[in-house]
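*Asks:* So the sequences go chain by chain: B and F.
Every letter in the first sequence is one number past the one before it in my numbering, and letter 95, counting from 1, is 95.
For any residue, its number in my numbering is found by taking its place in the second sequence, counting from 1, and adding 1000.
By construction, the Cβ of each residue, glycine as well, lies at the ideal position given by its N, Cα and C atoms.
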Amino acid sequence: MYRFLLFLKKILFVLLFAVIEAAALHYYAGSSSYNQAKLINASNRLAGGVYAGMADVRRYFTLGRENRRLTEEVASLRAQLDAARKREAVQPGLPELPFAADSAEFVYRAARVIKNSLTRSENFITLNRGADDGIEPDMAILTGGAIAGYVLHCNARFSVAMSVLNTKFRTSGRILGTDYFGSVYWDGHSYDEVMFTEVPKYAELQAGDTIVTTDYSAIFPPDMLIGTVVDFELFNGTYYNARLKLFANMGSLNNVVLAGYRHREERRELEERTERN
Amino acid sequence: MYRILEYFILFAVVILLQVFVFDSLQTGRYFTPFVYPAFVILLPMEISGWLLLLLAAATGVTMDVFMGTPALNTIATVFLAFCRPGVLKLFVEKDVLDEGGIPNIARLGTARFIRYSTALLLLFNAVFFVLETMTLTGIGYTLLRIVLSTAASAAVVYFCQLLFVIHKSKI
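Listed below in structure tokens is the structure:
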């Protein structure tokens, strides 16, 4: 009898292990990035305030660098504004400024990064603004004109975004100055580099080329910086695979700008309807 | 059960350390110190198997919610708990095992504790990173992450265990 009980005890241990692991693996296999963002946001109700406090403390140590970056951005925006004014002066008949028309397509919001993981394969960014502040899922996160990720899930006070450094991140990129496109993703290795693949072999790719976002994306505004080509190789004689050095400094994200595409819903609806037909 | 309060404090301490200190430190891609498995590693040696597994699952689920890793921490922690009795038997003499108590350096001795905790952390990290990467390309890279993270975890778990010993001697 004692032996039998012992046996039962041993079996119970293995059985319980198998049941818990099976349930956990099942959940793991079926989870999406959206589920993960939702999970993080659920814990943000508890820990969000603490993350924000810690980010505030960290911010003091980078204020100098942050100021310099913001001043540089103001300077470059002023230069663009001057150029646009000059163009207007040369051609008074020009009906609308091209960049003004573009900017009307997007709404912009400011937010601060309060938590930013780098060490995992699927990294997420937590922002200190949520639905109450006009943040919506699918808004692009920009830092100094470069992309850093996009929002996945918002609660009232916080948002969780997919980082560019997430192996499930995908977007398209264009070689600046040409019309050649490729797809951009992170291979999970270095946190200042992403991959740029399926670039047509006719594109005269060169190290140092700048890659920007395309018009195709319903998330990112066009012509936002992604990275510069570090090196590349011709794959199977059909297309190029390249490594890009990211413009966004993912290790020290702080103040970011969120851009929301105003006509996203209309566009998605139209695309879905067309696909169905 | 005894020392329930102390284990409760240990649970809170390792979770808070992991969430607010080690996950907020940007330690690089190769280097992820896990401190929270210390809770499962330091449970009393005579604990019954089902309780060990359930406590490990609870720890894992808590970490999953904070880290946003769907079930990844649970899988790794429960696996660690499953291997614990075997690893204990492998590294610890039978009379020490029968005596029971917290498996810390006071009971096991420094060398044995390091071997015991490092073996468990290696298993934990292996499961965690292999599942997280989910691909066999770049296996060398994953192995490097496993080895370095195990070393970092072993170091922080060792210090965590020291806190537990000091705390105990004061009472």
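Which residue's Cα is closest to the Cα of LYS168(B): VAL113(B), ARG120(B) and LEU270(B)?
*Replies:* Position 168 of the first sequence, counting from 1, holds the residue named residue 168(B). Considering only alpha carbons, the answer is ARG120(B).
*Asks:* Return the residue from the list ARG170(B), ASN123(B) and MET139(B) that minimises the CA-CA distance to ARG129(B).
*Replies:* Counted from its first residue, the first sequence places residue 129(B) at position 129. Ranking ARG170(B), ASN123(B) and MET139(B) by Cα distance to ARG129(B) puts MET139(B) first.
*Asks:* Quick one: list the residues of chain B neighbouring THR1110(F), beta-carbon separation under 8 Å, in chain order.
*Replies:* As a first step, residue 1110(F) must be located in the second sequence, where it is residue number 110. Simply none; closest approach about 29 Å.
*Asks:* At least one CB of chain F closer than 8 Å to the CB of ILE40(B): is that the case?
*Replies:* Taking the first residue of the first sequence as 1, we reach residue 40(B) at position 40. The C-beta of ILE40(B) comes closer than 8 Å to at least one C-beta of chain F.
*Asks:* Compare the C-beta of SER1153(F) against all C-beta atoms of chain B and say whether one is closer than 8 Å.
*Replies:* Locating residue 1153(F) in the second sequence gives position 153, where the first residue counts as 1. No, because no Cβ of chain B sits closer than 8 Å to the Cβ of SER1153(F).
*Asks:* Report the rounded CA-to-CA distance for LEU39(B) versus ARG109(B), giving the unit in angstroms.
*Replies:* Mapped onto the first sequence, residue 39(B) falls at position 39. Mapped onto the first sequence, residue 109(B) falls at position 109. Cα to Cα, LEU39(B) sits roughly 24 Å from ARG109(B).
*Asks:* Taking VAL1147(F) as the reference, give the member of LEU1121(F), LEU1162(F) and TYR1158(F) with the closest Cα.
*Replies:* Start at 1 with the first residue of the second sequence, and residue 1147(F) comes out as number 147. Here the closest residue by C-alpha is LEU1121(F).
*Asks:* With burial defined as no fewer than 16 other Cβ atoms inside 10 Å of the residue's Cβ, what is the status of LEU191(B): buried or exposed?
*Replies:* To locate residue 191(B), count along the first sequence from 1; it is residue 191. Sequence check: residue 191(B) is Tyr here, not Leu. Flag for TYR191(B) reads buried.
*Asks:* Span of the beta strand (DSSP E) holding MET1134(F)?
*Replies:* Within the second sequence, numbered from 1, the residue matching residue 1134(F) stands at position 134. No beta strand (DSSP E) holds MET1134(F); DSSP gives it neither H nor E.
*Asks:* Using CA atoms only, rank isn't needed, just tell me which of ARG243(B), ILE114(B) and ASN41(B) is closest to LEU234(B).
*Replies:* Reading the first sequence from its first residue, position 234 is the one you call residue 234(B). Of the candidates ARG243(B), ILE114(B) and ASN41(B), the one whose C-alpha sits nearest the C-alpha of LEU234(B) is ARG243(B).
*Asks:* Nearest to VAL256(B) by alpha carbon, out of VAL14(B), SER163(B) and ARG3(B)?
*Replies:* By 1-based counting over the first sequence, the position of residue 256(B) is 256. Among VAL14(B), SER163(B) and ARG3(B), the Cα nearest to that of VAL256(B) belongs to SER163(B).
*Asks:* Am I right that VAL184(B) and TYR240(B) are in contact with their C-beta atoms under 8 Å? What's the rounded C-beta distance?
*Replies:* Translated into the one-based positions of the first sequence, residue 184(B) becomes position 184. Translated into the one-based positions of the first sequence, residue 240(B) becomes position 240. By a beta-carbon distance limit of 8 Å, VAL184(B) does not contact TYR240(B). Their separation comes to about 13 Å.
*Asks:* Can you check which of these residues, GLY1140(F), LEU1010(F), LEU1017(F) and MET1134(F), is closest to PHE1039(F) by C-alpha distance?
*Replies:* As a working mapping, residue 1039(F) is identified with position 39 in the second sequence. Among GLY1140(F), LEU1010(F), LEU1017(F) and MET1134(F), the Cα nearest to that of PHE1039(F) belongs to LEU1010(F).
*Asks:* Check whether the Cβ atoms of PRO1070(F) and SER31(B) sit closer than 8 Å, and answer yes or no.
*Replies:* One-based indexing of the second sequence puts residue 1070(F) at position 70. One-based indexing of the first sequence puts residue 31(B) at position 31. Cβ distance < 8 Å, so PRO1070(F) and SER31(B) count as in contact.
*Asks:* Grab me the residues of THR214(B)'s own chain with a C-beta within less than 7 Å of its C-beta, minus the 5 sequence neighbours each way, in chain order.
*Replies:* Here the question's residue 214(B) lines up with position 214 in the first sequence. Contacts found: SER172, GLY173, ARG174, PHE181 and PRO222.
*Asks:* Using only the alpha-carbon positions, how far apart do ASN44(B) and PHE124(B) sit?
*Replies:* The residue labelled residue 44(B) in the question sits at position 44 within the first sequence. The residue labelled residue 124(B) in the question sits at position 124 within the first sequence. Looking at the two C-alpha atoms, the distance is approximately 13 Å.
*Asks:* Which chain F residues are close to LYS9(B), counting only those with a beta carbon under 9 Å from its beta carbon?
*Replies:* As a working note, residue 9(B) is residue 9 in the first sequence. Residues of chain F passing the Cβ test: SER1048, GLY1049 and TRP1050.
*Asks:* Label SER103(B) either buried or exposed according to how many other C-beta atoms from any shown protein chain fall within 10 Å of its C-beta, with 16 as the threshold for buried.
*Replies:* For the purposes of this step, residue 103(B) is taken as residue 103 along the first sequence, with counting starting at 1. Any answer about SER103(B) is weak, because its pLDDT of 49 lies below 50 and its placement is not dependable; what the coordinates show is given next. So SER103(B) counts as exposed.
*Asks:* Note down, in chain order, all residues in the region 45-57 of chain B with a beta-carbon under 7 Å from any beta-carbon belonging to chain F.
*Replies:* Those residues of the region 45-57 of chain B that come within reach of chain F (Cβ to Cβ, closer than 7 Å) are ALA47, VAL50 and MET54.
*Asks:* Within 8 Å of any Cβ in chain F, is that where the Cβ of ASN35(B) sits?
*Replies:* Your numbering for residue 35(B) matches position 35 in the first sequence. Taking Cβ atoms only, chain F reaches closer than 8 Å to ASN35(B), which makes this a yes.
*Asks:* Please classify GLY1101(F): does DSSP put it in a helix, a strand, or coil?
*Replies:* Locating residue 1101(F) in the second sequence gives position 101, counting from the first residue. The DSSP-derived three-state label of GLY1101(F) is coil.
*Asks:* Is it buried or exposed for SER1048(F), if we count other Cβ within 10 angstroms and need 16 for buried?
*Replies:* Along the second sequence, read from residue 1 onward, the residue named residue 1048(F) stands at position 48. When all chains shown are included, SER1048(F) counts as exposed.
*Asks:* From this set, LEU127(B), ARG87(B), THR143(B) and ASN116(B), which residue's C-alpha is nearest GLU66(B)'s C-alpha?
*Replies:* Numbered from 1 along the first sequence, position 66 holds the residue referred to as residue 66(B). The shortest Cα separation from GLU66(B) among LEU127(B), ARG87(B), THR143(B) and ASN116(B) belongs to THR143(B).
*Asks:* Please report the straight-line C-alpha distance between GLU1132(F) and ALA1058(F), rounded to a whole angstrom.
*Replies:* Numbered from 1 along the second sequence, position 132 holds the residue referred to as residue 1132(F). Numbered from 1 along the second sequence, position 58 holds the residue referred to as residue 1058(F). So the alpha carbons of these two residues sit roughly 20 Å apart.
*Asks:* Are the C-beta atoms of HIS189(B) and some chain F residue less than 8 Å apart?
*Replies:* Stepping through the first sequence from its first residue, residue 189(B) is reached at position 189. So yes, HIS189(B) belongs to the interface.
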